[in-house]
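Report on the following structure.
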Amino acid sequence: MENKDFNFEEIKKRLENYEEAPNPQIWKKIEKQMRPNNLLLKTSIAISTLLLVAFAGVLIFTPTQTPETKQIAKQTKTTKNISMKKENISMKKENISMKKNLETKNTISPITIQTPKEETIEKQEVKIIEEKQEKVEEIKQKTEIKQEKQTTIIEEEIVEQKHSEKVPENNDNITRTQLIIPNAFTPTSGDNNSIFKPAFTELKDYKMNIYSSNGTLVFTSDNIEQGWDGNYKGNPQPMAVYVYFVKFTNLRGENIQQKGELMLIR
């Protein structure tokens, strides 16, 4: 059954501003129970925030290295190491060169060690050598002059013999015992004295052999009109003294030998 006198709306309006204060002891108990939990929470929150901040800082400040950057870093390190090694080597070389220079400065050269006596001795030796060279040159000049004089004298003698044509003892060809033979000739002169042969005379038999100083036969002939031109096997022989041997038979039939020396002049 409903009570018509009970008004629910009025009761609601009355209770809207109603406040009831709780017991203060109850609040104290609640605070005691909540205090330790609040400290743990605060400390855990602070630690977690610090960790998060540190991690974020690491992520922000540490640059991300790609493989290319790593290679560049390695190359820079290697180049730095190489440059350092080169600098060390150059420094070592400089130190070695400085040591050598100091050693050379400290060591005394042989020129500085020389005493004035030694210098005078060296000068005297140099003068002696120069004087010897001058003497050798003078001797060479004198020998050349002597050779020229000898050649001119020999040529003059040959010419005189040809003009005079002195016959030893007997002028008769029948009783001839010696031939007129020159003692020198010049193959390169281009005149009558360029061929070595005796003066012509009538003979029954004739043979001439010419030998060098070492005994080699350089010329032979059985014709008195054929002489030696100073060559052997097509090669001109050097200026030297040669020996000739002549065998001939005069018109009387006497066998005669004649020998002598001749000078080949070039």
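Under my numbering, the first residue of the sequence shown is numbered 30, with each subsequent residue one higher. C-beta atoms are modelled at their ideal positions from N, C-alpha and C, and glycine is treated no differently. Here the structure is a predicted model, which is why all the values come from computation and not from measurement.
If we count the other Cβ atoms within 10 Å of its Cβ and call it buried at 16 or more, is residue i buried or exposed?
i, result
"Asn279", "buried"
"Gly282", "exposed"
"Ser242", "exposed"
"Val275", "buried"
"Ala269", "exposed"
"Ala83", "exposed"
"Gln266", "buried"
"Ala75", "exposed"
"Ala85", "exposed"
"Lys152", "exposed"
"Ile140", "Note that Ile140 scores 48 on pLDDT, short of 50, meaning its location in the model is unreliable; the coordinates nonetheless yield the value given after this. Burial call: exposed."
"Ser73", "exposed"
Give a yes or no on whether the C-beta atoms belonging to residue i and residue j are separated by under 8 Å.
i, j, result
"Pro216", "Asp258", "yes"
"Lys288", "Ile253", "no"
"Leu293", "Tyr261", "no"
"Asn246", "Tyr273", "A small fix is needed here, since residue 246 is Leu in this sequence, not Asn. No, these two residues do not count as a Cβ contact at 8 Å."
"Ile209", "Gly256", "no"
Can you tell me which of the options puts its alpha carbon nearest to the alpha carbon of residue i?
i, options, result
"Lys14", "Ile224, Arg205, Ala85 and Phe277", "Any property of residue 14 remains undetermined from this structure, which presents the chain solely from 30 to 295."
"Arg205", "Glu116, Asn284 and Thr107", "Asn284"
"Thr181", "Thr107, Lys233, Leu79 and Phe214", "Phe214"
"Asn222", "Lys121, Arg295 and Thr72", "Arg295"
"Leu232", "Gln207, Gly244, Gly219 and Ser218", "Gln207"
"Asp234", "Glu116, Gln286 and Lys114", "Gln286"
Do residue i and the ligand PLP come close, with the Cβ less than 7 Å from some heavy atom?
i, result
"Ser119", "With respect to small molecules bound, the structure shown includes none, and the ligand PLP cannot be examined in it."
Thinking residue i and residue j are a contact (beta carbons under 8 Å), I'd like their distance in whole angstroms, please.
i, j, result
"Phe248", "Ile239", "4 Å"
Handout entry: Uninterrupted beta strand (DSSP E) stretches inside the region 205-278 (no shorter than 3 residues)
Key = Listed in chain order, the complete beta strand (DSSP E) runs (minimum 3 residues) inside the region 205-278 are 234-240, 246-250 and 269-278.
Problem - Minimum length 4: unbroken alpha helix (DSSP H) runs contained in the region 102-131 - result: For the region 102-131, not a single whole alpha helix (DSSP H) run of length 4 or above is found.
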